[in-house]
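**Student:** Please see the structure below; I have some questions.
Number of protein chains: 2
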Amino acid sequence: MSQQLINKLCIIGVGLIGGSLARALKKSDAVGEVVGAGRDVTHLEKAKALGVIDRFETDITLAVKGCDMVVLAVPLGAMQSIFEKISVVITDDMVITDVGSAKGSVVRAAQSAFKTLPKTLVPGHPIAGTEKSGVEASFAELYENRRIIITPLESSSDYAVSKVISMWQACGADVVETTIEHHDEVLAATSHLPHMLAFSLVDTLAKMDAKNEIFEFAAGGFRDFTRIASSDPDMWRDICLANGNALVAMIEKFSDDLQQLSKAIEKNDSVYLKDVFSRAKKARDEFCDN
Amino acid sequence: MSQQLINKLCIIGVGLIGGSLARALKKSDAVGEVVGAGRDVTHLEKAKALGVIDRFETDITLAVKGCDMVVLAVPLGAMQSIFEKISVVITDDMVITDVGSAKGSVVRAAQSAFKTLPKTLVPGHPIAGTEKSGVEASFAELYENRRIIITPLESSSDYAVSKVISMWQACGADVVETTIEHHDEVLAATSHLPHMLAFSLVDTLAKMDAKNEIFEFAAGGFRDFTRIASSDPDMWRDICLANGNALVAMIEKFSDDLQQLSKAIEKNDSVYLKDVFSRAKKARDEFCDN
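Chains as they are written, first to last, in this note's numbering: chain A, 529 to 818; chain B, 529 to 818.
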């Protein structure tokens, strides 16, 4: 029997992200057994029926037992209680990572749960996903050519960092390392702020009188623009709570620029308007081709 | 020879919108001859080579001669000078419509050019398009099952209104009527405001230090969200100038709600956050299925 990258993997939270990771590792034959963990048995049974996991446990301490890799793919608000359960049974060869969209809060949760941060803990964040959620939406190709940001800690061992990198590479992903602070600032800008704008816009329109008609008059551009407003509300509440400082700072920066734009519209300042739109179009055309 | 809906059609501005209209009418055999008009001969030659138009003129007064349908598919800022040229040669059986994204400004331009609004003028606005522009991007199916808003004037004759409706129906579109004011308010909400948010966000990020890296960390949701920021800067400058009042009012309404959201994030008000995100997700899931 050939030695696999991961002998026994525990995915805590078998949704779109966790389920796709399990599928990808199985597809590339990089994992032995996959144990799913979570609170909802019906959900875990579905994941097993889909072949995403091999078996499941609802008790976290049982689920992680004997695992050489544990991935927390749960909302940010659930991280600390799971770390606390793991802390009772953690071993030196149990590598632990997560997929949370904010990293400072995950490290604070781990600090609080473990007291001393384990050498095997390496926080991570796959820049991948869709507005869909749930294991039904998971697919093995989700991480192909996508970026995974890992934020190794001072406490992280080379062995653990290397194993987490190898795991994501086995899914076809491109792994980059950065600091907690930098990750949280960049994500506030490119992900958390756009989600706030999309959620807030749809809510503003839904509160306006002619609600149904307004949405009826919306074109394809609006559909694309607001797609992220169909994301999971619990997950996004948690992200706001976890990365509040960086996010509020970005909202402020954005609001200042939007006010300037609004003033330019009021003053019929066609040069200013053309400049903003041209710079934005140029920047976007440079970084994406559709 | 069978009688066609439109004997001789003049498209002024043969880009994505005008070109797609010509293609759709030709495909459904609803038009005899299609005359393209514009300033750029190279562009018009390309439109002719693509079979979108049958011939072209750079002189508007020559282009519209003998036409029973004239469609202005030019940026809003160009409407008035074209109306002025048409006013010299307009006849009672020359139906005139436009595709401008704001309607109040088009009527003001017509009023100024014609002095007395012609009975044959029926302003319109197809709620269709992509972030692409130019005749190369045009295709016959652009209007299929899409909504066309027409805003007939008190001066518009039944004949002209009915002919404009029939033209769009021949393209497979769904035509609805509303008032100028209502059109401009609804479009400020569903189209003009989202474009401002997308342009402004991309510009804000592009001005930040780590520019390239920031865009590198952007995920698929960001690509969708900012797609409309790749739209034509000239067209959007004109829309801002044309629909400034309604747009500034919408930016203000949106900004107030965004500030509330920002305060809720600052205060860790998880109930408020969950409420906004849930309402937005529900509203969006109801009006679009992807």
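By construction, the Cβ of each residue, glycine as well, lies at the ideal position given by its N, Cα and C atoms.
Cβ atoms of B:Ser666 and B:Arg551: under 8 Å apart, would you say?
**Tutor:** Within the second sequence, numbered from 1, the residue matching residue 551 of chain B stands at position 23. Within the second sequence, numbered from 1, the residue matching residue 666 of chain B stands at position 138. In this structure, B:Ser666 lies closer than 8 Å to B:Arg551 by Cβ.
**Student:** Closer than 8 Å by C-beta to A:Val704: which residues in its own chain qualify, once you throw out the five before and the five after it? Chain order, please.
**Tutor:** As a position in the first sequence, residue 704 of chain A is number 176, starting the count at 1. Correct list, in chain order: Arg675, Ile676, Ile677 and Ile678.
**Student:** Between the region 536-548 of chain A and chain B, which residues of the former have a C-beta closer than 8 Å to a C-beta of the latter?
**Tutor:** Answer set for the region 536-548 of chain A: empty.
**Student:** Hey, A:Asp596 and A:Met622 are a contact pair by Cβ (cut 8 Å); roughly how many whole angstroms apart?
**Tutor:** By 1-based counting over the first sequence, the position of residue 596 of chain A is 68. By 1-based counting over the first sequence, the position of residue 622 of chain A is 94. So it is a contact: roughly 7 Å between Cβ atoms.
**Student:** Check B:Ile614 in the structure and name its three-state DSSP category.
**Tutor:** Walking along the second sequence from the start, residue 614 of chain B turns up at place 86. In this structure, B:Ile614 counts as helix in the three-state DSSP scheme.
**Student:** Take A:Lys555 and list the residues in its own chain whose beta-carbon comes closer than 7 Å to its own, dropping the five residues that flank it on each side.
**Tutor:** Translated into positions along the first sequence, residue 555 of chain A becomes position 27. Contacts found: Ala668.
**Student:** Would you say the region 798-815 of chain A touches the region 720-734 of chain B, given that touching needs at least three Cβ pairs under 8 Å?
**Tutor:** Verdict: yes, contact present.
**Student:** Name the two residues that bound the continuous beta strand (DSSP E) containing A:Cys768.
**Tutor:** Here residue 768 of chain A refers to the residue found at position 240 of the first sequence. From DSSP, A:Cys768 is part of no beta strand (DSSP E) but of the alpha helix (DSSP H) over Pro761 to Ala770.
**Student:** In terms of DSSP beta bridges, what is A:Phe750 paired with?
**Tutor:** Within the first sequence, numbered from 1, the residue matching residue 750 of chain A stands at position 222. DSSP output for A:Phe750 lists no bridge partner at all.
**Student:** Leaving out five residues on either side along the sequence, give the residues of the same chain with a beta carbon under 6 Å from the beta carbon of B:Met529.
**Tutor:** The residue labelled residue 529 of chain B in the question sits at position 1 within the second sequence. At B:Met529 the pLDDT is 45, less than 50, meaning the model places this residue with poor confidence; the figure from the coordinates comes in the next sentence. If we look at B:Met529 and ignore the five residues flanking it on each side, it has no Cβ neighbours.
**Student:** Which term fits B:Glu682, buried or exposed, when burial requires 16 or more other beta carbons within 10 angstroms of its beta carbon?
**Tutor:** Residue mapping note: residue 682 of chain B aligns to position 154 of the second sequence, counting from 1. Flag for B:Glu682 reads exposed.
**Student:** Taking the alpha-carbon positions, what's the A:Lys613 to A:Trp764 distance?
**Tutor:** Sequence index remark: in the first sequence, residue 613 of chain A carries index 85 (1-based). Sequence index remark: in the first sequence, residue 764 of chain A carries index 236 (1-based). One C-alpha to the other measures close to 24 Å.
**Student:** So within the region 549-616 of chain B, which uninterrupted alpha helix (DSSP H) runs reach at least 4 residues, ignoring any that extend past its ends?
**Tutor:** Runs found: 569-577, 588-591 and 607-615.
**Student:** Report the residue ranges of all beta strand (DSSP E) runs contained in full by the region 669-710 of chain A; include only those spanning at least 3 residues, in chain order.
**Tutor:** Here the runs fully enclosed are 675-678 and 702-705.
**Student:** To the nearest angstrom, how far is it from the Cα of A:Leu600 to the Cα of A:His720?
**Tutor:** Numbered from its first residue, the first sequence carries residue 600 of chain A at position 72. Numbered from its first residue, the first sequence carries residue 720 of chain A at position 192. Each residue's Cα considered, the two are about 20 Å apart.
**Student:** Tell me, which residues are paired with B:Thr625 by DSSP?
**Tutor:** In the second sequence, residue 625 of chain B corresponds to position 97, counting from 1. The partner list for B:Thr625 (beta bridge, DSSP) reads B:Val599.
**Student:** Just to check my reading of the structure: A:Ile610 and A:Ile540 have Cβ atoms closer than 8 Å, yes? What is that Cβ distance to the nearest angstrom?
**Tutor:** In the first sequence, counting from the first residue as 1, residue 610 of chain A sits at position 82. In the first sequence, counting from the first residue as 1, residue 540 of chain A sits at position 12. The pair is a contact, with the Cβ atoms about 6 Å apart (cut-off 8 Å).
**Student:** Find out if the Cβ-Cβ distance for the pair A:Leu533, A:Val559 is shorter than 8 Å.
**Tutor:** Against the first sequence, residue 533 of chain A aligns to sequence position 5. Against the first sequence, residue 559 of chain A aligns to sequence position 31. Yes; because the gap between Cβ atoms is below 8 Å, this pair is in contact.
**Student:** Taking A:Asn673 as the reference, give the member of A:Trp696, A:Ser685 and A:Val689 with the closest Cα.
**Tutor:** Counted from its first residue, the first sequence places residue 673 of chain A at position 145. It is A:Trp696 whose Cα lies nearest to the Cα of A:Asn673.
**Student:** Helix, strand or coil: how does DSSP classify B:Met529 here?
**Tutor:** Your numbering for residue 529 of chain B matches position 1 in the second sequence. Only weak support exists for where B:Met529 lies, its pLDDT of 45 falling under 50; the coordinates are left without a value.
**Student:** Which residues in the same chain have their Cβ closer than 7 Å to the Cβ of A:Tyr800, if we skip the five residues on either side of it in sequence?
**Tutor:** What you label residue 800 of chain A is simply residue 272 of the first sequence in a count that begins at 1. So the qualifying residues of the chain are Ala792.
**Student:** Where B:Ile581 and B:Pro761 are concerned, what is the direct C-alpha to C-alpha distance, given to the nearest angstrom?
**Tutor:** Along the second sequence, read from residue 1 onward, the residue named residue 581 of chain B stands at position 53. Along the second sequence, read from residue 1 onward, the residue named residue 761 of chain B stands at position 233. Looking at the two C-alpha atoms, the distance is approximately 26 Å.
**Student:** With DSSP collapsed to three states, give me the class of A:Gly662.
**Tutor:** Counted from its first residue, the first sequence places residue 662 of chain A at position 134. A:Gly662 falls in the coil class under three-state DSSP.
**Student:** Spatial neighbours of B:Gly662 within its chain, please: CB distance less than 6 Å, with the 5 preceding and 5 following residues excluded, ordered by chain position.
**Tutor:** In the second sequence, residue 662 of chain B corresponds to position 134, counting from 1. Answer for B:Gly662: Gly543, listed in chain order.
**Student:** Measure the beta-carbon distance from B:Ile767 to B:Leu604 and round it to whole angstroms, keeping in mind my assumption that it falls under 8 Å.
**Tutor:** Taking the second sequence and counting its residues from 1, one reaches residue 767 of chain B at position 239. Taking the second sequence and counting its residues from 1, one reaches residue 604 of chain B at position 76. Their Cβ separation, rounded to whole angstroms, is 6 Å, which keeps B:Ile767 and B:Leu604 in contact under 8 Å.
**Student:** Contact criterion: CB-CB distance below 8 Å. Does B:Asn673 meet it with respect to chain A?
**Tutor:** Taking the second sequence and counting its residues from 1, the one referred to as residue 673 of chain B is at position 145. It does not: the Cβ of B:Asn673 has no partner Cβ on chain A nearer than 8 Å.
**Student:** Could you have a look at A:Lys735 and say whether DSSP puts it in helix, strand or coil?
**Tutor:** Here the question's residue 735 of chain A lines up with position 207 in the first sequence. Helix.
**Student:** Determine the burial state of B:Ser790: buried for a count of at least 16 other Cβ atoms within 10 Å of its Cβ, exposed for fewer.
**Tutor:** As a working mapping, residue 790 of chain B is identified with position 262 in the second sequence. Per the 10 Å Cβ criterion, buried.
**Student:** Can you have a look at B:Asp784 and say buried or exposed, based on whether 16 or more other CB atoms are within 10 angstroms of its CB?
**Tutor:** Here residue 784 of chain B is taken as the residue at index 256 of the second sequence, counted from 1. The residue is exposed, with fewer than 16 neighbouring Cβ atoms inside 10 Å.
**Student:** Report yes if the C-beta distance between A:Val692 and A:Thr625 is below 8 Å; otherwise report no.
**Tutor:** Counted from its first residue, the first sequence places residue 692 of chain A at position 164. Counted from its first residue, the first sequence places residue 625 of chain A at position 97. Yes; because the gap between Cβ atoms is below 8 Å, this pair is in contact.
**Student:** Span of the alpha helix (DSSP H) holding A:Gly652?
**Tutor:** Sequence index remark: in the first sequence, residue 652 of chain A carries index 124 (1-based). Where A:Gly652 is concerned, there is no enclosing alpha helix (DSSP H), although the beta strand (DSSP E) it sits in stretches over Gly652 to Ile655.
**Student:** With a threshold of 16 other CB atoms inside 10 Å of the CB of A:Asp712, please say whether the residue is buried or exposed.
**Tutor:** Within the first sequence, the letter at position 184 stands for residue 712 of chain A. Burial call: buried.
**Student:** Where does A:Leu775 sit, in a helix, a strand or coil, going by DSSP?
**Tutor:** Taking the first sequence and counting its residues from 1, one reaches residue 775 of chain A at position 247. Helix at A:Leu775.
**Student:** Is it buried or exposed, B:Glu814, if we count other Cβ atoms within 10 angstroms and call 16 or more buried?
**Tutor:** Within the second sequence, residue 814 of chain B is the residue found at index 286, counting from 1. Per the 10 Å Cβ criterion, exposed.
**Student:** Can you check which of these residues, B:Glu794, B:Leu549, B:Pro651 and B:Glu709, is closest to B:Ala701 by C-alpha distance?
**Tutor:** If you number the second sequence from 1, residue 701 of chain B lands on position 173. If we check each option's Cα against that of B:Ala701, B:Leu549 comes out closest.
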